[in-house]
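In my numbering, the protein residues as written are -17 to 122.
Note that beta-carbon positions come from the ideal geometry of N, C-alpha and C, so glycine has one too.
Please read these numbers as outputs of a predicted model, since none were measured by experiment.
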């Protein structure tokens, strides 16, 4: 399990825990250790948002490059999220040179429109950054 520059293992940094029901979307583009983690009670790996499994999920992690796709997906993901669950949105870092229409400043308004707030940002790997979104405590 890689620790990256922070020294904290990625799965711990992201709050992944054994027994969680998790939905990974576009994860084939992300770090292999996310797919290799066998502690999940249920994992659905999808190429892109669309027909999603019912849920509810404790953890949703979406890897996306297109802001319009993310904006459309977030409300659908919130509908499948446990009240105390989390959604991680990962997008390519500028330094990665991967074409994208997503930045941290694009995610926040989309999250707000979907009824979410951001609580943490981190480096997922050399290519991907991540922003953790949750349902505000007052609405849980």
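Member of the options whose CA lies at the smallest distance from the CA of residue i
{"i": "residue 47", "options": "84, 41, 39 and 69", "result": "84"}
{"i": "residue 43", "options": "97, 82 and -3", "result": "-3"}
{"i": "residue 107", "options": "81, 56, 122 and 77", "result": "77"}
{"i": "residue 97", "options": "75, 17, 105 and 56", "result": "56"}
{"i": "residue 18", "options": "38, 35, -8 and 37", "result": "-8"}
{"i": "residue 63", "options": "119, 86 and 39", "result": "39"}
{"i": "residue 90", "options": "60, 16 and 100", "result": "100"}
{"i": "residue 94", "options": "-5, 111, 105 and 69", "result": "69"}
Exposed unless 16 or more other CB atoms sit within 10 angstroms - verdict on residue i
{"i": "residue 3", "result": "buried"}
{"i": "residue 67", "result": "buried"}
{"i": "residue 118", "result": "exposed"}
{"i": "residue 110", "result": "buried"}
{"i": "residue 80", "result": "exposed"}
Per-residue DSSP class, three states only, for residue i
{"i": "residue 100", "result": "strand"}
{"i": "residue 46", "result": "coil"}
{"i": "residue 94", "result": "helix"}
{"i": "residue 40", "result": "strand"}
{"i": "residue 77", "result": "helix"}
{"i": "residue 33", "result": "coil"}
Expected contact under 8 Å - CB spacing of residue i and residue j to nearest Å
{"i": "residue 113", "j": "residue 103", "result": "5 Å"}
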